[in-house]
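Reading through the structure tokens given below for one structure.
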Amino acid sequence: MPDDLPQFAQQVREFLDAHAARATQPAEFRWGEGDDHVPYFSADPPQVEEQKLDAARDWQRTRYRCGFGWISGPPQYGGRGLTPVHDLVYDSIESQYDVPDTGTLSVIGLGMIGPTILAHGQQAIKDRYLPAMYRGDVIACQLFSEPEAGSDLASLQTRAGPAPGGGGWILDGQKVWTSVAQHSQIGMALCRTDPDAPKHKGITAFLVDMSAPGVDVRPLRQMTGGSDFNEVFLSGVLVPDDHRLGEVNGGWRVALTTLMNERATVGNDSSGPVAEALTPERLSALMRATWTWDDRALRRDLSELLADLMAARHLNARALRRMQAGVAPGPEMSVAKLMYAQNLTRAAHFVSRVLGPRIIADTGAWGTYAWAELLLATPALRILGGTEEIMKNILAERVLGLPKEPGIDTTSPFRALPKSAGGAA
Amino acid sequence: MNDSKEDLDDLREAVREFLGAKSPETAVRAAIQTGRHDPAVWNQMARQLRLPGLALPSDYGGDGFGLTELEVVLEEMGAALLCSPFFATVVLAAQALLASGDEAACQRYLPGIAAGQTIATLAAAEGNASWDPAMVAARAQRTAQGWVLTGRKSFVIDGAIADLVLVVARSTAGPALFAVDRGAPGLRAEPMTTLDPTRTMAALTFDQVPAVLIGTEGQGGALMSRVLDLACVALAAEQAGGARRCLEMSAGYARTRFQFGRPIGSFQAVKHKCADMLVRVELAEATAREAARLADEAATDFGVAAATAHICCSQAYLFAAAENIQVHGGIGFTWEHPAHLYFRRAKSSELLFGGPAVYHERLLDRLGI
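Protein chains in written order, with this note's numbering: chain A, 255 to 679; chain B, 4 to 372.
Take a look at the structure:
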């Protein structure tokens, strides 16, 4: 553990005291009072979303100005030159203050793509983008998944070929499930550059200017009715060669850097409206309000649900304590992600059983039909950030040492692999 | 020793090494055959590792560590299926004495427990199998010569070999704790046939047995609430350790057993079974260790954490022990394979303090909802 942490923590507190208010304790829960929405995905109208984004950028600028914009980043790009443990310390202290949510900037751009540019970017690109990103001026998105490359990301088909006359690359293809693309100035795209090589060995990574001609961002409407992701169409997009990350056909290594930096955001359920809705007080109040309090079967379901919610919280708490002590994380984060998806799904269905017909039609009663929002979001949780099946493969193979499924897909030329019927060419 | 991870790792390593040598499967099976633990191992555990006194206060001859350290020891004992009066003596009886707040009784009994000289147990449940002191029918009467107990107790862990039996019995003031020495006139112990042969149990009959009141009359309700919270965490530690061992057995077998020309662990149906076990085991460990930590901090939400650990570890162990047999297939169903010993321990542990019929309501009660 770095020994300057107490002084650092003191600086963080001084900074936050000077620029933000302490978070107020949430008011004691009373049935029928306050906002009853249980949104997993954002439910803001566009103008509200825009205001929140402005506030997020402002807060990131303030952090940057005061030396907390990129705590573990190198000083020549505006970083503080400290360790990831300092990041954790900052995060845990900042969570005690009332500050704008900077997730739109930080989860993908600052958390994953920044470190990738740092590790694999060419000098001019690092100089140009890294300070701008951590100053809150440039937002980045991740152009990875495709309609034909979901769990099997390495089977992506977006093509990149040399631009006629040299000087760059031409990109053609379609990306999907792209978060924050509508707000992004740059995107990190994985493209097929050698279809005759095995699938992992013919991929190259690029940084794409999202305002370049041929980049078309379209909102993707998901089953909740909202649009929290995008499709991104790339049609003849010209990318200069200095925007290439890593070697030609070395993009898989670059992608692994990005994925390794994926913070455990998906499994973290300690705050936010969903966590607040799934407390013992709130759930028991719901049972009282619906006169199901003494239903033995429901009481048992409630206990099982609460036990698993608390177990997941204990697991997170222990993982966090270990990381703060500088111990490498174990399988806790993957386990937490799996459990988060299962627990929220079970919670939504438990609440449905408690509500009965009140969740199939809106009676107008507070805290009843509002749960439909969570119910409709839960199927996504077992898919996004790695499907349940893939997460289990990873746990079994990396933690338990079980062998991979044998297959030819990693050794044959990508061109020769069977593809879905009707998939993109 | 403090809370630091290295110290706990050293403790775990020492206990694991000791149990690897002293409680291999052959020793477990020998104990099952004879129906009793190996006294030589019990003595070594006390003298060499000082385990019985590890988490007892130094005022009473212990080493003054907490439940955090004891939890590590119990995980390893659960993993090794150690046949030993450790749980009954060090967890049930010693914690009942401490919870009674009876200074004289602690001075009298705990040093013997800490030194490994006294085997002790707690007799609470009766024919109806309930650990709820409100359900106790055994009677305590004050006579000119002192207290005498009359009634029957069942499911008394190591009840046939205990030197000291702590009994929950009812006086006119309500339930309370009493101490009875082995060999007291009127006490009869009958071993019970158990689903789990690695944990022996007895039925005790009390016929005007002289006894000593521990603590105060009518205190049994609060005392048992505290003891059950602690016992649930200790049991959870054993369960987490046992579940982890089942997972290791399954993963090891799935890596090395070949069918259809491949290790069976390369098939997703088997791989995902093992991943599901891993998820439950990680959660179980987290709840058991967190509950132990909260006990040592005397945190207000310890009761909630204890109930949570009891539920999660019960479910995890049963799941892991049952799936372990399935991963092994036919060989896992044989008597000679140890999988059934874990299955028996898992089922028996889940239901020891009442099982789902009781533990869900206990969690809701501890949550105050």
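Cβ coordinates follow ideal geometry from the N, Cα and C atoms, glycine included.
All values reported here derive from a predicted model rather than from experimental measurement.
Local Cβ density within 10 Å of residue i, reported as buried at 16 or more and exposed below that
i	result
A:M442	buried
B:T146	exposed
A:V302	exposed
B:F89	buried
A:G427	buried
A:Q264	exposed
B:L198	exposed
B:A137	exposed
B:I334	exposed
B:F181	buried
B:I217	buried
B:W150	buried
A:P534	buried
B:T410	What is shown of chain B runs 4 to 372, which leaves residue 410 of chain B out entirely.
A:L635	buried
A:R542	exposed
A:A277	exposed
A:K429	buried
A:P260	exposed
Minimum C-alpha distance to residue i - residue among the options
i	options	result
B:A234	B:G333, B:A17, B:A182 and B:L73	B:L73
A:G468	A:G526, A:T447, A:W423 and A:I457	A:W423
B:A214	B:A295, B:A179, B:V236 and B:Q36	B:A179
A:H273	A:P299, A:W313 and A:F295	A:W313
A:H437	A:Q305, A:A275 and A:L629	A:Q305
A:G621	A:G288, A:A281, A:G357 and A:P256	A:G288
B:F21	B:G177, B:L85 and B:R32	B:L85
B:L355	B:M204, B:F305, B:H343 and B:N46	B:M204
B:E339	B:T71, B:T29, B:Y362 and B:V18	B:T29
B:D166	B:Q98, B:T121, B:S157 and B:A140	B:T121
A:K591	A:G584, A:M645, A:P354 and A:A565	A:M645
A:G368	A:P401, A:L461, A:P660 and A:A417	A:L461
A:L488	A:S588, A:L425 and A:R319	A:L425
A:T544	A:V608, A:V353, A:M564 and A:P354	A:V608
A:A601	A:E530, A:I362, A:P338 and A:P300	A:E530
A:I440	A:D448, A:V434, A:S433 and A:M464	A:M464
B:A143	B:G38, B:A278, B:S174 and B:A83	B:S174
A:Q279	A:F262, A:Q350, A:D298 and A:R311	A:Q350
Whole-angstrom distance between residue j and residue i, CA atom to CA atom
i	j	result
A:G479	A:E627	10 Å
B:E16	A:G580	22 Å
A:H291	A:R284	15 Å
A:A765	B:T311	The shown model of chain A, from 255 to 679, leaves out residue 765 of chain A, and the question about it has no answer.
B:G115	B:V44	17 Å
A:L552	B:R296	31 Å
A:D495	A:G415	11 Å
B:D368	A:F483	43 Å
B:I399	B:T201	Outside the shown range of chain B (4 to 372) lies residue 399 of chain B, about which nothing can therefore be said.
A:S405	A:L510	14 Å
B:G306	B:C249	28 Å
B:D41	B:A91	15 Å
A:A650	B:A323	15 Å
A:R472	A:W431	10 Å
A:L754	B:A254	What the structure shows of chain A is the stretch from 255 to 679, and residue 754 of chain A is not part of that stretch, so it cannot be assessed.
B:S26	B:Y345	14 Å
B:A33	B:S87	12 Å
A:I457	A:Y388	28 Å
B:A342	A:V353	53 Å
B:L14	B:Q98	22 Å
A:V392	B:C277	43 Å
Own chain partners of residue i with C-beta closer than 8 Å, once the 5 adjacent residues on each side are dropped
i	result
A:L342	L574, M577 and Q578
Nonlocal neighbours in the same chain, by C-beta distance under 7 Å from residue i, ignoring five residues either side
i	result
B:G23	none
B:G64	G56, L113, P114, A117 and A118
Proximal residues to residue i (C-beta, below 6 Å), its chain only, five neighbours per side dropped
i	result
A:R334	G321 and I325
B:C316	A239, Q242, A243, A287 and A291
A:V520	Here A:V520 scores only 41 on pLDDT, less than 50, and its place in the model is too uncertain to base an answer on.
Closer than 8 Å: residue i CB and nearest the ligand GTP heavy atom
i	result
A:T512	As presented, the structure is devoid of all ligands, the ligand GTP included, so that no description of it is given.
Legend entry - Residues of the segment 261–274 of chain B with Cβ closer than 7 Å to any Cβ of chain E, in chain order: Protein chains in the displayed structure are A and B, and chain E is not among them.
Inset, instruction - Mind the definition here: the segment 167–174 of chain B touches the segment 126–146 of chain B only if three or more C-beta pairs lie below 8 Å; say whether that holds. - result: In this structure the segment 167–174 of chain B lies against the segment 126–146 of chain B, because at least three pairs of beta carbons, one per stretch, are closer than 8 Å.
Legend entry - Meets three-Cβ-pair contact criterion under 8 Å: the segment 375–386 of chain A and the segment 610–629 of chain A: The segment 375–386 of chain A makes no contact with the segment 610–629 of chain A: fewer than 3 CB pairs, one atom from each, lie closer than 8 Å.
Inset, instruction - For the segment 441–456 of chain A and the segment 387–400 of chain A, state whether three or more C-beta atom pairs, one from each stretch, are separated by less than 8 Å. - result: Output reads yes: the segment 387–400 of chain A touches the segment 441–456 of chain A.
Inset, instruction - Determine, using beta-carbon pairs with one atom in the segment 654–670 of chain A and one in the segment 447–456 of chain A, whether at least three such pairs fall under 8 Å. - result: With the rule of 3 Cβ pairs closer than 8 Å, the segment 654–670 of chain A counts as touching the segment 447–456 of chain A.
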